[in-house]
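Written below as structure tokens is the structure these notes are about.
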Amino acid sequence: MDNSIKWPDGKRCAVMFTFDVDGDTTWENGNKGLPNGDRYLRSLSVGRYGPNRCVDRIMAKLEEYGVRATFFVPGLTAERYPDLIRRIDAQGHEIGHHGYAHERFAGRSTEEQIEIIEKSQNIFRKLIGKEITGFRTPSGDWAVETPKLLYERGFRYSSSMRGDDRPYRTVIDGEPTDFIEIPTKWELDDYVAMAYNMYPAEPCGQDRISCYRNVEDNFLREFEGHYRYGLAISFMGHPQVLGSPGRIRILDHLLRNITARNDVWVATGSEIADWYRKQYPIGKEAE
Numbered sequence: 332m333d334n335s336i337k338w339p340d341g342k343r344c345a346v347m348f349t350f351d352v353d354g355d356t357t358w359e360n361g362n363k364g365l366p367n368g369d370r371y372l373r374s375l376s377v378g379r380y381g382p383n384r385c386v387d388r389i390m391a392k393l394e395e396y397g398v399r400a401t402f403f404v405p406g407l408t409a410e411r412y413p414d415l416i417r418r419i420d421a422q423g424h425e426i427g428h429h430g431y432a433h434e435r436f437a438g439r440s441t442e443e444q445i446e447i448i449e450k451s452q453n454i455f456r457k458l459i460g461k462e463i464t465g466f467r468t469p470s471g472d473w474a475v476e477t478p479k480l481l482y483e484r485g486f487r488y489s490s491s492m493r494g495d496d497r498p499y500r501t502v503i504d505g506e507p508t509d510f511i512e513i514p515t516k517w518e519l520d521d522y523v524a525m526a527y528n529m530y531p532a533e534p535c536g537q538d539r540i541s542c543y544r545n546v547e548d549n550f551l552r553e554f555e556g557h558y559r560y561g562l563a564i565s566f567m568g569h570p571q572v573l574g575s576p577g578r579i580r581i582l583d584h585l586l587r588n589i590t591a592r593n594d595v596w597v598a599t600g601s602e603i604a605d606w607y608r609k610q611y612p613i614g615k616e617a618e
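The opening position of the sequence shown corresponds to residue 332 in the numbering used here, with each subsequent residue numbered one higher.
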């Protein structure tokens with residue numbers, strides 16, 4: 332199967348490195364359903380480890396290989412770590428919208444979704460002086476109307492869905508739009524493989540942290556497949572997971588292998604979305 336997408340400068344495939352800077356929002360959400368959950372300081376410290384230590388470690392590794400990435404950040408995390416958000420932006424990386432408190436959009440009313448979208452957008456506008464144009468839905472799902480609400484508010488792309496391995500135009504009200512989806516996959520998510528899940532432990536009573544070498548091998552095999560077919564791959568990392576002293580080697584090996592190839596386009600979400608939108612106008616999408 333040969334892919335019909337033509338990447339910039341004759342590149343063979345596109346690679347997008349993304350990092351969800353959730354901070355302690357996901358742990359707070361999990362603790363709410365537990366007795367005395369607000370006192371579970373150990374779990375909160377796991378989330379805080381990401382912004383406090385791991386994001387800078389990841390950015391140093393990205394700088395080493397000359398790569399700009401996209402960091403999806405909940406508005407609440409941005410409020411708690413404003414200097415970090417400014418630092419990410421100052422180093423040339425892209426900031427993406429990731430809800431306010433990492434809340435699910437599925438099941439929320441239109442008004443609630445708008446409030447979340449605009450609240451976080453205002454936070455980023457004040458912090459870095461510009462509006463966010465990329466979105467990743469927190470907790471893996473959104474409501475049917477979410478893409479329309481985002482598109483109406485100036486968002487240009489999402490990296491939330493799973494149904495393809497190429498960018499595509501999101502259909503809103505039955506019509507293809509300029510709102511581009513850049514899909515990612517569970518098998519490209521470090522959290523799925525290497526985050527210990529306490530709510531409940533999965534599988535029950537067992538450690539679910541995968542062998543680092545196997546995770547790296549999985550990631551590289553997926554890259555090789557996307558490279559072979561000329562597709563777009565979006566790696567989904569979480570600083571509290573991938574940014575530890577041991578796991579950062581997985582990122583190092585990915586960056587080393589991928590940037591060593593001159594025919595690979597490593598880009599931010601906005602760059603990939605803008606390219607696809609311009610290269611394939613509505614009605615002339617890649618097949």
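C-beta atoms are modelled at their ideal positions from N, C-alpha and C, and glycine is treated no differently.
- Secondary structure note for Val523: its alpha helix (DSSP H) is the uninterrupted segment Asp521 to Met525.
- The beta-carbon distance between Leu407 and Ile448, rounded to whole angstroms, is 14 Å. This is too long to meet the 8 Å contact definition.
- With a minimum length of 3 residues, the unbroken runs of beta strand (DSSP E) contained wholly in the segment 380-467 fall at 401-404 and 425-428.
- Under the three-state reduction of DSSP output, Trp473 falls in the coil class, being neither helix nor strand.
- DSSP places Pro507 in the uninterrupted beta strand (DSSP E) bounded by Glu506 to Glu512.
- For Trp338, same chain residues with a beta-carbon under 6 Å away, outside a window of 5 residues either side, are Ala345 and Trp596 in chain order.
- In the structure shown, Gly568 adopts extended strand secondary structure according to DSSP, grouped into three states.
- Judged by DSSP secondary structure, Val352 falls outside any alpha helix (DSSP H); it is assigned neither H nor E.
- Counting along the chain, the unbroken beta strand (DSSP E) around Tyr499 starts and ends at Tyr499 to Ile503.
- Separation of Ile454 and Trp517 (C-alpha to C-alpha, rounded to the nearest whole angstrom) is 29 Å.
- The alpha helix (DSSP H) runs of length 4 or more contained entirely in the segment 542-615 are, from start to end of the chain, 543-560, 570-573, 579-590 and 600-610.
- An exposed status is given to Lys609, since fewer than 16 other beta-carbon atoms sit within 10 Å of its beta-carbon.
- Here Lys392 is buried. Its C-beta has 16 or more other C-beta atoms within 10 Å.
- The way I'd put it, the segment 561-574 does touch the segment 505-522; three or more beta-carbon pairs between them come closer than 8 Å.
- In its chain, beyond the 5 residues on either side, Pro478, Leu481, Tyr482, Phe486, Arg487, Tyr488, Ser489, Arg500, Thr501 and Ile503 have a beta carbon closer than 8 Å to the beta carbon of Phe510.
- Taking a 10 Å sphere around the C-beta of Thr441, we find fewer than 16 other C-beta atoms and assign the residue as exposed.
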